[in-house]
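For reference, the structure is listed below as structure tokens.
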């Protein structure tokens with residue numbers, strides 16, 4: 048099996064947010080598709096170790112901000128490269144709220160979808176949520192950002208291979224998690240996004 | 048709710064094929080996403096009235112050919128605009144077969160994924176299948192076709208509005224089903240893909 052074949056599935060890039068009690072949080076995800084009409088339903092797959100996944104299980108509601116082609120890397124970094132267990136990602140943000148009182152992203156975003164979970168299935172690494180769409184709003188006429196364009200245009204380029212330099216760590220190409228050490232164990236899985244060692248790239252000494 | 052917001056979700060375009068006993072069939076779909084790793088699983092949503100949906104329920108296996116940017120409209124037309132209940136879509140095709148003996152598309156396709164269903168959920172209009180990936184192959188280095196590019200570059204353009212001509216029918220913008228008659232009932236749903244009247248465009252007399 049050549050797992051690279053799976054990289055050819057097309058996705059968007061989203062900020063997935065929720066609110067459980069007084070706790071608000073959001074993360075970056077690339078998996079959402081409409082799976083039914085009448086009533087309109089979507090499916091999302093969320094990494095089980097993500098704090099947002101726990102919070103959606105509690106709240107049963109979420110908002111999906113569809114990032115557009117104007118998206119800049121700091122937006123991805125803010126929601127994707129730190130955990131809501133450590134910081135309040137909304138502390139200094141002026142974010143509008145949806146019909147469920149959930150903050151969504153009012154910038155670099157072409158649309159927002161407000162959803163109520165109707166079923167969920169634990170698939171090991173991820174939980175699949177099926178949700179009814181309660182509200183949907185267009186925010187701009189910009190084209191949505193695709194995951195392919197995020198990889199080629201938004202994400203900073205990896206360092207070129209440097210033959211004469213030592214490897215000091217390994218970076219997950221999916222979520223940017225950094226493993227410190229010159230040798231990455233072959234059976235290593237990213238503790239943030241669950242991807243295997245083959246999805247890591249070397250970090251060279253300065 | 049502005050349902051146009053949902054058009055901003057990004058998708059690929061696929062030929063979904065299966066084989067149940069001696070019957071082979073395939074249809075066009077735009078919904079597939081990876082939903083777990085270790086084991087690698089994908090989810091697909093298939094319209095319940097599609098023959099391919101019935102056949103996957105019987106066989107429990109399917110192949111997903113990921114169409115690439117070289118895809119031409121006749122390929123979409125062949126698999127998407129006729130039913131396997133009426134014609135054998137593979138009758139005159141030289142199609143390779145996957146690990147499960149299912150034919151896949153060997154042209155205009157960048158990758159093929161072979162899957163075994165592990166669970167399914169009926170969502171009214173569609174059935175959501177969760178499946179384990181048994182095999183995956185890269186077929187070309189061409190970029191995958193996105194649903195947005197299919198709509199803007201591959202699909203033939205609709206006729207311009209012709210003020211002085213009579214409307215003789217309505218065409219579903221999603222699947223090209225044709226309703227014959229000058230007035231489309233407001234509560235009409237496409238019998239092929241289930242989309243509502245607002246997704247139809249007028250066909251004018253010649």
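Protein chains in written order, with the numbering used here: chain W, 48 to 253; chain D, 48 to 253. Heads up, the beta-carbon is just placed ideally off N, CA and C, and yes, glycines get one too.
C-beta contact flag for residue i and residue j at 8 Å
{"i": "residue 48(W)", "j": "residue 78(D)", "result": "no"}
{"i": "residue 192(W)", "j": "residue 140(W)", "result": "no"}
{"i": "residue 66(D)", "j": "residue 152(D)", "result": "no"}
{"i": "residue 197(D)", "j": "residue 70(D)", "result": "no"}
{"i": "residue 185(D)", "j": "residue 51(W)", "result": "yes"}
Contacts of residue i in chain C (Cβ-Cβ under 7 Å)
{"i": "residue 58(D)", "result": "You won't find chain C in this structure, because its protein chains are W and D."}
Counterpart residues of residue i in DSSP-defined beta bridges
{"i": "residue 64(D)", "result": "73(D), 110(D)"}
{"i": "residue 175(W)", "result": "92(W), 168(W)"}
{"i": "residue 217(D)", "result": "226(D), 249(D)"}
{"i": "residue 59(W)", "result": "193(W)"}
{"i": "residue 83(W)", "result": "88(W)"}
{"i": "residue 183(W)", "result": "160(W)"}
{"i": "residue 236(W)", "result": "243(W)"}
{"i": "residue 115(D)", "result": "191(D)"}
{"i": "residue 144(W)", "result": "150(W)"}
Near the ligand HEM: residue i beta-carbon under 7 Å from a heavy atom
{"i": "residue 172(W)", "result": "As presented, the structure is devoid of all ligands, the ligand HEM included, so that no description of it is given."}
Expected contact under 8 Å - CB spacing of residue i and residue j to nearest Å
{"i": "residue 63(W)", "j": "residue 93(W)", "result": "7 Å"}
{"i": "residue 248(W)", "j": "residue 213(W)", "result": "So it is not a contact: roughly 15 Å between Cβ atoms."}
{"i": "residue 89(W)", "j": "residue 173(D)", "result": "The pair is not a contact, with the Cβ atoms about 11 Å apart (cut-off 8 Å)."}
{"i": "residue 183(D)", "j": "residue 158(D)", "result": "7 Å"}
Cutoff 8 Å; reference residue i; Cβ partners in own chain excluding five residues on either side
{"i": "residue 227(D)", "result": "215, 216"}
Residues near residue i by beta carbon distance below 6 Å, same chain, minus five either side
{"i": "residue 87(D)", "result": "180"}
{"i": "residue 154(D)", "result": "none"}
{"i": "residue 210(D)", "result": "none"}
{"i": "residue 122(D)", "result": "155"}
{"i": "residue 244(W)", "result": "231, 233, 235"}
{"i": "residue 225(W)", "result": "216, 218"}
{"i": "residue 58(D)", "result": "77, 194"}
{"i": "residue 237(W)", "result": "219, 224"}
{"i": "residue 176(D)", "result": "91, 164, 167"}
Beta-carbon contacts of residue i that lie in its chain and below 7 Å, excluding the five residues immediately before and after
{"i": "residue 73(D)", "result": "62, 63, 64, 99, 126, 136"}
{"i": "residue 146(W)", "result": "161, 181, 182"}
{"i": "residue 117(W)", "result": "155, 189"}
{"i": "residue 97(D)", "result": "74"}
{"i": "residue 105(W)", "result": "67"}
With a cut-off of 8 Å, do at least 3 Cβ pairs link the segment 129-139 of chain D to the segment 211-225 of chain D? no
Spell out a yes or no on whether the segment 154-167 of chain D and the segment 96-113 of chain D are touching, meaning 3 or more CB-CB pairs, one atom from each, closer than 8 Å. yes
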